[in-house]
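For the sequence shown, the working numbering begins at 106 and goes up steadily by one. A virtual CB, placed ideally from N, CA and C, is assigned to each residue, including glycine. Only a predicted model underlies this, so the values are computations on that prediction, with no experimental measurement involved. What follows is one structure encoded as structure tokens, with my remarks underneath.
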Amino acid sequence: MQKKILLLIVITSVYLTSCDDLTVENNLSYEEKMVVRSVVSAGKPIELFLARTTPPNSAYDTASSYVYNAVVIVSSPTISDTLKYQGAGKYVSSRMNARNGEEYTMNILSGEKRAVAETQVPFTTTFQAGRLLTRIEANGDTSYYIEGVLTPRPGAVYGVTWSIIDGLTSTVIEDTVLNQLNREQDKTLLGHLVVRTRTLPPALVKQYRNSLFIRVHAFDEKFYKFFITQDANNASTNIFSQSGTALRWNVSGDAIGMFVGKSDFTVRIP
Numbered sequence: 106m107q108k109k110i111l112l113l114i115v116i117t118s119v120y121l122t123s124c125d126d127l128t129v130e131n132n133l134s135y136e137e138k139m140v141v142r143s144v145v146s147a148g149k150p151i152e153l154f155l156a157r158t159t160p161p162n163s164a165y166d167t168a169s170s171y172v173y174n175a176v177v178i179v180s181s182p183t184i185s186d187t188l189k190y191q192g193a194g195k196y197v198s199s200r201m202n203a204r205n206g207e208e209y210t211m212n213i214l215s216g217e218k219r220a221v222a223e224t225q226v227p228f229t230t231t232f233q234a235g236r237l238l239t240r241i242e243a244n245g246d247t248s249y250y251i252e253g254v255l256t257p258r259p260g261a262v263y264g265v266t267w268s269i270i271d272g273l274t275s276t277v278i279e280d281t282v283l284n285q286l287n288r289e290q291d292k293t294l295l296g297h298l299v300v301r302t303r304t305l306p307p308a309l310v311k312q313y314r315n316s317l318f319i320r321v322h323a324f325d326e327k328f329y330k331f332f333i334t335q336d337a338n339n340a341s342t343n344i345f346s347q348s349g350t351a352l353r354w355n356v357s358g359d360a361i362g363m364f365v366g367k368s369d370f371t372v373r374i375p
């Protein structure tokens with residue numbers, strides 16, 4: 106089965122380069138931070154990736170960037186668990202599966218460094234309708250995309266991607282990038298949100314027209330500010346670049362990154 110996993114958040118260690126100049130003083134200060142990446146997905150075990158930033162002018166090494174000796178605790182109002190290290194920076198809970206509507210708190214201790222974050226896993230929403238639409242581009246080509254209508258819930262933001270799920274050929278192909286995120290306040294006077302995917306390759310539409318689906322992604326609303334401040338889906342580019350772009354992480358303390366709740370479901374497009 107061919108599968109392309111949706112990667113909604115790409116947070117890794119940062120490799121910054123600079124050049125030496127005897128006549129220019131570089132005043133860019135550096136402070137090592139932990140880097141947290143965790144999508145708390147409804148129905149799945151809670152897991153978290155933990156690394157550290159890399160100083161300017163240092164060669165980046167993936168293996169040495171992993172933080173393997175941290176104490177990572179995730180708690181909800183009913184249960185708490187210390188996540189176990191699995192290797193390659195990955196920590197996994199053996200006791201906690203994320204649940205819709207549940208709030209989770211993350212606490213990390215690594216040496217003298219601490220990090221904390223909170224999130225809520227959104228409830229799924231009511232999907233009203235979905236359809237395949239076409240658009241004629243300026244060059245005369247026909248583009249295809251899927252549009253849907255849903256009823257938003259408070260505290261969540263929504264995005265959609267197209268999916269191809271063909272049981273006859275055991276083929277699963279999914280888009281990997283959200284076209285946009287919609288907030289509850291973006292709803293129409295009727296209380297609905299109109300959501301759209303990115304364009305689909307025409308060849309896939311022709312081959313799998315009867316196997317088209319839309320995947321609806323609901324995130325904790327904290328994800329919205331990060332999404333709109335990231336640079337072309339490259340979440341690590343501007344961390345220390347002094348570019349004027351302030352990424353909005355929800356992890357605080359001696360760390361950067363996202364700890365964000367998520368739920369999703371698919372709907373077949375007639």
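At the 8 Å Cβ level, is residue i part of the contact set with chain C, yes or no?
i: leucine 255; result: Of the chains in the structure shown, none is chain C; there is only one protein chain.
What's the gap between the Cα of residue i and the Cα of residue j?
i: lysine 189; j: leucine 155; result: 12 Å
i: valine 254; j: threonine 239; result: 17 Å
i: proline 160; j: glutamine 191; result: 26 Å
i: glutamate 152; j: valine 179; result: 10 Å
i: threonine 256; j: asparagine 244; result: 35 Å
i: proline 259; j: glutamate 289; result: 6 Å
i: aspartate 166; j: arginine 157; result: 11 Å
i: arginine 320; j: asparagine 287; result: 14 Å
i: alanine 164; j: serine 170; result: 11 Å
i: leucine 294; j: glutamine 233; result: 15 Å
i: proline 182; j: leucine 273; result: 44 Å
i: arginine 200; j: serine 143; result: 17 Å
i: valine 310; j: valine 197; result: 38 Å
i: isoleucine 270; j: phenylalanine 370; result: 13 Å
i: isoleucine 213; j: threonine 231; result: 36 Å
i: serine 357; j: methionine 211; result: 10 Å
i: leucine 237; j: arginine 373; result: 11 Å
i: glutamate 223; j: aspartate 291; result: 25 Å
i: serine 146; j: proline 375; result: 27 Å
i: tyrosine 313; j: glutamine 335; result: 33 Å
i: isoleucine 184; j: arginine 204; result: 12 Å
Would you mind reading off the limits of the beta strand (DSSP E) that contains residue i?
i: glutamine 191; result: 189-192
i: leucine 155; result: 150-157
i: lysine 218; result: 218-225
i: serine 215; result: 208-215
i: glutamine 233; result: 231-241
i: valine 299; result: 298-301
i: leucine 255; result: 247-256
i: tyrosine 196; result: 195-202
i: tyrosine 263; result: 261-271
i: arginine 353; result: From DSSP, arginine 353 is part of no beta strand (DSSP E); its letter is neither H nor E.
i: valine 176; result: 176-180
For residue i, collect the residues of the same chain with a Cβ closer than 7 Å to its Cβ; drop the 5 residues on either side in sequence, then sort them by chain order.
i: asparagine 202; result: Gly148, Lys149, Pro150
i: tryptophan 354; result: Phe331, Ile361, Gly362, Met363
i: alanine 193; result: Tyr171
i: lysine 195; result: Glu152, Phe154
i: aspartate 280; result: Thr266, Trp267, Thr302, Arg303
i: serine 316; result: Ile269, Ile270, Asp271
Going by other Cβ atoms of all chains shown within 10 Å of its Cβ, with 16 needed for buried, is residue i buried or exposed?
i: valine 265; result: buried
i: valine 300; result: buried
i: asparagine 162; result: exposed
i: isoleucine 333; result: exposed
i: valine 282; result: exposed
i: isoleucine 241; result: exposed
i: glycine 296; result: exposed
i: alanine 261; result: buried
Can you tell me where the alpha helix (DSSP H) holding residue i begins and where it ends?
i: tyrosine 329; result: 327-334
i: threonine 167; result: 167-170
i: alanine 360; result: Counting along the chain, alanine 360 falls outside any alpha helix (DSSP H), though it belongs to the beta strand (DSSP E) covering 360-373.
i: lysine 311; result: 307-312
CB-CB under 6 Å to residue i, same chain, minus the five flanking residues each way: which ones, in chain order?
i: glycine 206; result: Phe228
i: alanine 360; result: Lys138, Met139, Val141, Ala220
i: glutamine 225; result: Glu208, Asp325, Gly366
Can you list, in chain order, the residues of its chain whose CB lies under 8 Å from that of residue i, leaving out five sequence neighbours each side?
i: tyrosine 329; result: Val262, Leu286, Arg288
i: phenylalanine 318; result: Trp267, Ser268, Ile269, Ile270, Thr371, Val372, Arg373, Ile374
Query raised in the report: Quick one: any contact between the region 298-306 and the region 239-253, if contact means 3 or more CB pairs under 8 Å?
Result: Output reads yes: the region 239-253 touches the region 298-306.
Report task. Decide yes or no for the touch test of the region 167-178 against the region 213-231: beta carbon pairs closer than 8 Å, at least 3 of them. Result -> yes
Query raised in the report: Is the region 318-325 touching the region 363-375, taking contact as three or more C-beta pairs under 8 Å?
Result: They touch, by the three-pair rule.
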